[in-house]
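Residue numbers (my numbering), protein chains in the order written: chain A, 1 to 140; chain B, 1 to 140.
Step one of this worksheet: look at the structure below.
Protein chains: 2
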Amino acid sequence: MAPRGAPSHRALIERTVRSLRGHPTADDVFMEARKVEPSISLATVYRNLRALVAEGRVRERQFLGISRFEVSQRPHAHLVCRTCGAIADVHSDVSELVKPFRQLPKGWRAEEVDLEIRGLCPKCQATSPAQLPLPGDLLK
Amino acid sequence: MAPRGAPSHRALIERTVRSLRGHPTADDVFMEARKVEPSISLATVYRNLRALVAEGRVRERQFLGISRFEVSQRPHAHLVCRTCGAIADVHSDVSELVKPFRQLPKGWRAEEVDLEIRGLCPKCQATSPAQLPLPGDLLK
DNA sequence: AGCGATTATAATAGTGATTACTAATAGCGG
DNA sequence: CCGCTATTAGTAATCACTATTATAATCGCT
């Protein structure tokens, strides 16, 4: 059904997330959307992003403490640079990897899986000095 | 070497994280630590947690946007309830699962891996009404 | 012992992302 | 037309976290 009342910016905001194509923050979306609709409010962006997430049209993730959004797509892993916050997709078959976890826990119902790999992006590897003493053998 | 200067609360804070045994937030640690050392400050808890993370003695993770801490241990996955925020460990061999990702991306250096599974804990499954229309086949 | 450099501290003010609240507006069913 | 409700812009409030500030404890050195 078409929305009633004030003009819905839902579609604009979804289009904007789609056009930004990376993993934009709410603020990124806001900055971009106001180019089209200069009067749009940050609160409106948040509200509609939340709605889009609830509808399942957009995926929300937290990287380094702040929410980022992407249009729903096949599951994939994310690389996150611990220094500059850069994010890259890894389009390997996560769902395959994750299968053994499907029915592990007693009573829990799994809905969504995130595989996040933290490290250094190429740029920050060049810049950053001593690398963290790897706390053990995470990737052994 | 023993710490110089004012009395270090490092050890107390590490002990507290260990005793809480779940995935306490900074505030959880603060509340607990002040039972032993009532004059301790929240900033001190944050400062020392950061230090412990840097030393590799404690692991930091963000669930649903807020930092939680646990003593370092073998890598494992986490279940996160999207409703109440409950967290459970899944002690399967994550490192095994993750091997195919080790050297995937060009130029990136992987350091740490998190596998997070979001869903509903047993309690919230009983309570919560309609469950989200699963946005596709994440766990197919 | 006494002194300065170092480092941790408590208390508090500040920051930045997110949410809640407010009054206003626009279309629909009756 | 008349409420009804979804939505809005704008702003205040919240919440986790960080920076600042002034203070105090301990060390190495003399």
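No residue lacks a Cβ here, since even glycine has one placed at the ideal position from N, Cα and C.
All values derive from a computational prediction rather than experimental measurement.
- Scanning its chain for C-beta atoms nearer than 8 Å, with the 5 sequence neighbours on each side dropped, one finds around residue 85 of chain B the residues 63, 64, in chain order.
- The residue from A:89, A:51, A:82 with its alpha-carbon nearest to that of residue 76 of chain A is A:89.
- At a cut-off of 7 Å between beta carbons, residue 121 of chain B contacts chain A.
- Following the DSSP letters along the chain, one finds residue 52 of chain B inside the alpha helix (DSSP H) bounded by residues 42-55.
- Listed along the chain, the chain B residues whose CB falls inside 8 Å of the CB of residue 7 of chain A amount to none; the nearest CB is some 26 Å away.
- Neighbourhood of residue 88 of chain B in chain A, by CB distance below 9 Å: 105, 108, in chain order.
- Per DSSP, the continuous beta strand (DSSP E) segment holding residue 112 of chain B begins and ends at 109-120.
- Between residue 113 of chain B and residue 71 of chain B, the CB-CB gap reaches or exceeds 7 Å.
- Interface flag for residue 113 of chain B against chain A is set, since a Cβ pair is found closer than 7 Å.
- CA-to-CA, the gap between residue 32 of chain B and residue 12 of chain A works out to about 47 Å.
- Between residue 79 of chain A and residue 38 of chain B, the C-beta spacing is not below 7 Å.
- If you draw a straight line from the Cα of residue 92 of chain A to the Cα of residue 42 of chain A, it comes to about 35 Å.
- Note on geometry: alpha-carbon atoms of residue 30 of chain B and residue 45 of chain B lie some 6 Å from one another.
- Under DSSP, residue 69 of chain A shares a beta bridge with A:60.
- One alpha carbon belongs to residue 55 of chain A, the other to residue 24 of chain B, and they sit about 31 Å apart.
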